[in-house]
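K.L.:
The following block contains the structure, expressed as structure tokens.
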Amino acid sequence: TNHLALKTHIKGVGGRYRELNTTDPRILQPTDVLRITHIVLGHGCDLPDGMLPSLVASMPRAKLVTELWLHCCLQERELQDKYDKLAREHAKLSGAMGETVLAMEWRGRYEQAVADKAALEQQVVMAASSSDGSRHVLDVDISGNDVAKLKMEFALYRKRAMQVVDLKDKELQTCRIPGTAGLRRMSSSNSLNGFETSSHAPTTNEYLKNIVIKYMSTDQDEVKEHMEKAIATVLNFSSAEVKHIQDKRKGGAAGGWGLW
């Protein structure tokens, strides 16, 4: 019975070694197990006298050692597999570390871009809500600049008109025409309200042309008022004619003669 048990045990050990298929020199190869089995079973040679009882007597201890040895081999194989797996994962993570850092950096940039977009959208909403007021301020500023420019140009036109009046006055004094009254001079004030209606105001074509061009190219009521005064002066509008125009414009839109 012991002999059969040892035979069975050695066969089992041989089968496990074949499953391991290891080449570690510290572990018995299948050929060694087969050799022991061959000896024990008496194939090829006989055991010396007294050896079989010794083998049978040492069978429990040999069985325990063999099992421990096999268990250690299995544990070593399992640990080696785990080590190889960890080594592969370490290599993979080490290679992907740069990509991970880059991905984190781009993630930060993306979040910053999203925040900037939200801030810009908020600014657009605020700008849209106050667009009417901003447009009004811009229009007032532009209109103010235009009025200042036109006032400067009118100052030059008035200076030229006064020069023409002086020239005509001198010519009349030289000719000594009886019954001719001197031309009424325009006010020397810097205000454009200084134009006066006179039957002898300058009527040069160039001056009148410039005034009409300015009048037709502006939509500012204040500018048109000064333009109409200048036109009335150049064309010798009488007080009755001016009053007639004012009466006709009563009840209409404010501007022009309505501002006199």
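Going left to right, the sequence shown walks through residues 1 to 260 as full-length UniProt numbering numbers them.
Heads up, the beta-carbon is just placed ideally off N, CA and C, and yes, glycines get one too.
Remember, it's a predicted structure, so these values are computed and weren't measured experimentally.
#1: Rounded to whole angstroms, how far is the Cβ of residue 211 from the Cβ of residue 242, which I believe are closer than 8 angstroms?
#2: With residue 209 and residue 215 assumed to form a contact (beta carbons below 8 angstroms), what rounded beta-carbon distance in angstroms separates them?
#3: Pick helix, strand or coil for residue 250, following the three-state DSSP scheme.
#4: How long is the line joining the alpha carbons of residue 71 and residue 77, rounded to whole angstroms?
#5: Using CA coordinates, which residue listed in 217, 160 and 239 is at the minimum distance from residue 205?
#6: The alpha helix (DSSP H) with residue 233 in it runs from where to where?
#7: According to DSSP, is residue 238 helix, strand or coil?
#8: Quick check on the burial criterion: 16 or more other C-beta atoms within 10 angstroms. Buried or exposed for residue 207?
#9: Three-state secondary structure (DSSP) at residue 129?
#10: By how many angstroms is the C-alpha of residue 155 removed from the C-alpha of residue 250?
#11: Closer than 6 angstroms by C-beta to residue 29: which residues in its own chain qualify, once you throw out the five before and the five after it? Chain order, please.
#12: Among 151, 69 and 114, whose alpha-carbon lies nearest the alpha-carbon of residue 230?
#13: Using the C-alpha atoms, what's the distance from residue 80 back to residue 115?
#14: Please classify residue 232 as buried or exposed, where buried requires at least 16 other C-beta atoms within 10 Å of its C-beta.
#15: Cα separation between residue 82 and residue 69?
#16: With distances taken from CA atoms, which of 218, 238 and 67 is nearest residue 149?
P.N.:
Looking at the atomic coordinates:
#1: Position 211 of the sequence shown, counted from the start, is the residue given in the question as residue 211. Position 242 of the sequence shown, counted from the start, is the residue given in the question as residue 242. Actually they are not in contact, since the Cβ atoms of residue 211 and residue 242 sit about 16 angstroms apart, beyond 8 angstroms.
#2: Position 209 of the sequence shown, counted from the first residue, corresponds to residue 209. Position 215 of the sequence shown, counted from the first residue, corresponds to residue 215. Going by Cβ atoms, the distance from residue 209 to residue 215 rounds to 11 angstroms, so no, they are not a contact pair.
#3: In the sequence shown, residue 250 corresponds to position 250, counting from 1. Coil at residue 250, not helix or strand.
#4: Position 71 of the sequence shown holds residue 71. Position 77 of the sequence shown holds residue 77. Taking the straight line from one Cα to the other gives about 10 angstroms.
#5: The count along the sequence shown starts at 1 and reaches residue 205 at position 205. For the residues 217, 160 and 239, the minimum Cα distance to residue 205 belongs to 160.
#6: The residue labelled residue 233 in the question sits at position 233 within the sequence shown. 221-234 is the span of the alpha helix (DSSP H), which, as asked, contains residue 233.
#7: Position 238 of the sequence shown, counting from 1, holds the residue named residue 238. Note: residue 238 maps to coil in three-state DSSP.
#8: To locate residue 207, count along the sequence shown from 1; it is residue 207. Under this definition residue 207 is a buried residue.
#9: As a working mapping, residue 129 is identified with position 129 in the sequence shown. Note: residue 129 maps to helix in three-state DSSP.
#10: The count along the sequence shown starts at 1 and reaches residue 250 at position 250. The count along the sequence shown starts at 1 and reaches residue 155 at position 155. Between residue 250 and residue 155, the C-alpha separation is close to 29 angstroms.
#11: Numbered from 1 along the sequence shown, position 29 holds the residue referred to as residue 29. Any reading at residue 29 needs caution, since the residue's pLDDT is 48, under 50, leaving its predicted position unreliable; the model's value is listed next. No residues qualify anywhere along the chain.
#12: The residue you call residue 230 lines up with position 230 of the sequence shown. Nearest option by C-alpha distance: 151.
#13: By one-based count along the sequence shown, residue 115 stands at place 115. By one-based count along the sequence shown, residue 80 stands at place 80. So the two alpha carbons sit approximately 50 angstroms from each other.
#14: Counted from its first residue, the sequence shown places residue 232 at position 232. The residue is buried, with at least 16 neighbouring Cβ atoms inside 10 Å.
#15: Within the sequence shown, numbered from 1, the residue matching residue 82 stands at position 82. Within the sequence shown, numbered from 1, the residue matching residue 69 stands at position 69. Answer to the nearest angstrom: the Cα atoms are 20 angstroms apart.
#16: By 1-based counting over the sequence shown, the position of residue 149 is 149. Ranking 218, 238 and 67 by Cα distance to residue 149 puts 218 first.
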